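Here our numbering runs 37 ahead of the position in the sequence shown, where the first position is 1. Backbone N, C-alpha and C define an ideal beta-carbon position, used for all residues, glycine too. Please read all numbers here as calculations on a predicted model, not as lab measurements.
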Amino acid sequence: MYFPPCIGGTILHMTNRRSGAQDIAKGMMIISVVFFHANLMTFDNVAEALSTFNILMALFPFLLSAFFFYAGYNYTPSERTYKQNVLRRAKQLLIPLAVAFGISTLLFFGMELAFHHADPMPTLQALGNSVLYGLLSEPLAIMIQFPQSGGIVFEFALALCLLWFLYALFICSLAFYALVKWTNQKFSTFISVVAALLILAFCIGQFVGVYLPYTVQCYPVIVAIMLTGAYLRQHRFLDREIHIKKDIVLTGINMLVAEGIVVSVCLFCYYQFGSTNVGSLPGGQFDPHIKGFDAFVSFGFGILGTYFIHMVSRLIELIPFVGKGLQWVGKHSAMFYLFHPIFLDLTAIVVFQKRVVWGRGQAFFYVAVTVALLVAICLLMDWAKKKKNRGSGGTNENNKAPKES
């Protein structure tokens with residue numbers, strides 16, 4: 038195999054906006070998110086659910102931060118105006134969110150009628166309230182005492198609240214697009230803006246110390262992580278190509294050091310303060326001991342953790358079956374995220390009626406059924422897309438054939 042000349046055995050170049058390793062990383066992360074949410078649904082006590090996830094939280098507390106880092110890292114300068122960027126992001130995020138809410142409402146409407154034989158209009162009204170409850174976010178809904186039904190309908194509302202990532206990403210993109218060209222031009226500007234955002238996040242955590250509506254407490258850290266991803270993209274942070282054995286060893290050492298720092302911080306916070314989920318949500322945990330410092334931890338985890346999981350994904354990419362499978366899941370991570378809360382809830386309702394049957398192992402069953410349903414739907418959509426493309430014409434410019442009816 039021929040490798041082009043390089044300095045020190047390493048070639049640096051700009052890769053495509055979305056590499057195979059990035060898709061593998063997103064595949065692993067979205068499956069982990071599904072498993073975590075399954076744990077939350079399996080146990081009545083949230084603290085008990087979190088305790089079952091403590092080991093994974095200590096190893097991978099950066100999962101959500103890494104998604105935001107990739108969102109910034111995939112930014113490339115273009116001729117689009119701020120308004121065009123915002124409209125494009127709205128089309129990418131808000132339309133799928135609206136579709137997911139609509140489909141989920143129809144599914145639960147049929148489920149509620151089938152299980153309780155309730156009158157259609159009151160049931161539809163209750164589900165409509167649940168949709169608004171999910172859009173308002175749970176902290177705001179509780180604050181304004183928004184009416185909410187119980188039972189299956191309330192579980193539906195909580196499932197919709199798990200989709201907070203999409204509107205958080207959209208809102209943070211408003212600030213990101215306003216700042217990114219400015220911060221990418223000069224290092225001192227980048228440092229100043231990121232420092233200001235982290236100080237703001239620290240003040241919110243230190244002096245407010247509660248969950249705010251729409252997860253507002255997370256936004257300064259999220260914007261800081263996205264801006265850092267965009268800035269590091271210019272320096273090819275994740276794009277180092279490995280061609281000789283020495284590079285593999287050095288990359289492996291860097292990867293282990295990055296993860297070692299993450300685990301060490303988690304263990305220190307656990308034994309020193311009793312914190313079990315430090316840095317897992319960008320600036321949003323408000324641990325009673327570390328409070329605003331969690332913003333700085335989340336920011337650091339977003340960078341170190343993304344580097345670690347991206348390098349691991351490069352190794353997994355060498356394993357044909359596993360790499361291709363996770364890469365496929367990563368390419369469909371948006372679909373997995375949009376519908377996994379609903380499918381988890383439907384599985385719990387249909388199979389177990391929200392009753393714990395075999396304890397902690399039940400979460401794995403929820404995940405298996407949910408992932409199987411999501412894979413089936415994504416395969417069906419891929420098949421329909423390919424069929425549509427074939428029907429629209431597979432001809433070249435020199436030999437165009439008429440479309441078949």
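Checking contacts by CB at 8 Å: is residue i closer than that to chain B?
| i | result |
| --- | --- |
| Val300 | The question asks about chain B, but that chain is absent: this structure has only one protein chain. |
On the CB-based measure, 16 or more other CB atoms within 10 Å of its CB, does residue i come out buried or exposed?
| i | result |
| --- | --- |
| Lys422 | exposed |
| Ala409 | exposed |
| Pro98 | buried |
| Gly360 | buried |
| Asn76 | buried |
| Asn426 | exposed |
| Tyr268 | buried |
| Ala233 | exposed |
| Gly182 | For the sequence presented, residue 182 should be read as Gln rather than Gly. That one is exposed. |
| Phe227 | buried |
| Met418 | exposed |
| Ala137 | buried |
| Val334 | buried |
| Gly428 | exposed |
| Gln364 | buried |
| Ser115 | exposed |
| His74 | buried |
| Arg270 | buried |
| Thr384 | buried |
| Ser225 | exposed |
| Ile290 | exposed |
| Lys424 | exposed |
| His35 | Residue 35 is absent from the structure shown; the chain starts at 38 and stops at 442. |
| Met292 | buried |
| Gln399 | buried |
| Gly139 | exposed |
Thinking just about the alpha-carbon of each residue, which of the options is nearest to the one in residue i?
| i | options | result |
| --- | --- | --- |
| Ala21 | Phe380, Leu375, Leu383 and Trp420 | What is shown of the chain runs 38 to 442, which leaves residue 21 out entirely. |
| Cys209 | Ala261, Thr226 and Thr407 | Ala261 |
| Ala196 | Ala232, Val71 and Leu304 | Val71 |
| Asp382 | Pro319, Leu235, Ser141 and Phe333 | Ser141 |
| Phe274 | Gly329, Tyr344 and Gly109 | Tyr344 |
| Val286 | Leu352, Ala332, Phe338 and Leu341 | Leu352 |
| Gly266 | Pro257, Leu355, Lys424 and Asn221 | Asn221 |
| Val245 | Asn122, Ile386, Cys306 and Gly329 | Gly329 |
| Val168 | Gln364, Phe380, Leu143 and Gly147 | Leu143 |
| Leu199 | Phe224, Lys223, Ile179 and Tyr170 | Tyr170 |
| His326 | Pro250, Gln271, Gln399 and Gly311 | Gly311 |
| Phe373 | Pro133, Phe305, Leu304 and Pro159 | Pro133 |
| Phe146 | Leu293, Tyr204 and Ile379 | Ile379 |
| Gln121 | Leu355, His377, Phe224 and Ala215 | Ala215 |
| Ala62 | Glu354, Ile290, His377 and Val387 | Glu354 |
| Ala332 | Gln309, Ile386, Thr288 and Val253 | Val253 |
| Leu131 | Tyr308, Trp201 and His272 | Trp201 |
| Lys223 | Ala178, Leu237, His272 and Gln309 | His272 |
| Gly64 | Gly362, Phe305 and Gln309 | Gly362 |
State the CB to CB distance for the pair residue i and residue j, rounded to an integer number of angstroms; the pair is presumed to be in contact (CB under 8 Å).
| i | j | result |
| --- | --- | --- |
| Ala103 | Met66 | 6 Å |
| Val230 | Leu264 | 7 Å |
| Tyr119 | Val217 | With 8 Å as the limit, Tyr119 and Val217 do not qualify as a contact, their Cβ atoms being about 10 Å apart. |
| Gly337 | Phe213 | Going by Cβ atoms, the distance from Gly337 to Phe213 rounds to 19 Å, so no, they are not a contact pair. |
| Gln106 | Ile340 | One point to set straight first is that residue 106 is Phe, not Gln, in the sequence displayed. Their Cβ separation, rounded to whole angstroms, is 7 Å, which keeps Phe106 and Ile340 in contact under 8 Å. |
| Ile259 | Pro319 | 5 Å |
| Pro159 | Tyr248 | Rounded, the Cβ-Cβ distance is 31 Å, inconsistent with contact. |
| Cys303 | Val315 | 6 Å |
| Tyr204 | Tyr256 | Not confirmed; about 11 Å, so no contact. |
| Arg100 | Ser69 | Residue identity check: residue 100 is Leu in the sequence provided, not Arg. Yes, Leu100 and Ser69 are in contact; Cβ-Cβ is about 6 Å, under 8 Å. |
| Val123 | Leu211 | 6 Å |
Under 7 Å: does the beta carbon of residue i sit that close to some heavy atom of the ligand NAD?
| i | result |
| --- | --- |
| Phe146 | Questions concerning the ligand NAD fall outside what the structure shown contains, since it holds no ligand whatsoever. |
Worksheet item: On the three-pair Cβ rule with 8 Å, is the segment 53-73 touching the segment 345-363?
Response: yes
Worksheet item: Counting pairs of beta carbons, one from the segment 235-242 and one from the segment 404-416, are three or more of them closer than 8 Å?
Response: no
Worksheet item: Do the segment 368-385 and the segment 298-311 make contact, defined as three or more Cβ pairs closer than 8 Å?
Response: no
Discussion item. Between the segment 399-408 and the segment 160-179, can you find at least three pairs of beta-carbon atoms closer than 8 Å?
Written reply: no
Discussion item. What ranges does the alpha helix (DSSP H) occupy inside the segment 217-254, keeping only unbroken runs of at least 4 residues that lie completely in it?
Written reply: Assignment of alpha helix (DSSP H) within the segment 217-254, counting only whole runs of 4 or more residues, yields 224-240 in chain order.
Worksheet item: At what residue ranges does the segment 359-418 contain a whole run of the alpha helix (DSSP H), taking only runs of 4 or more?
Response: 370-384
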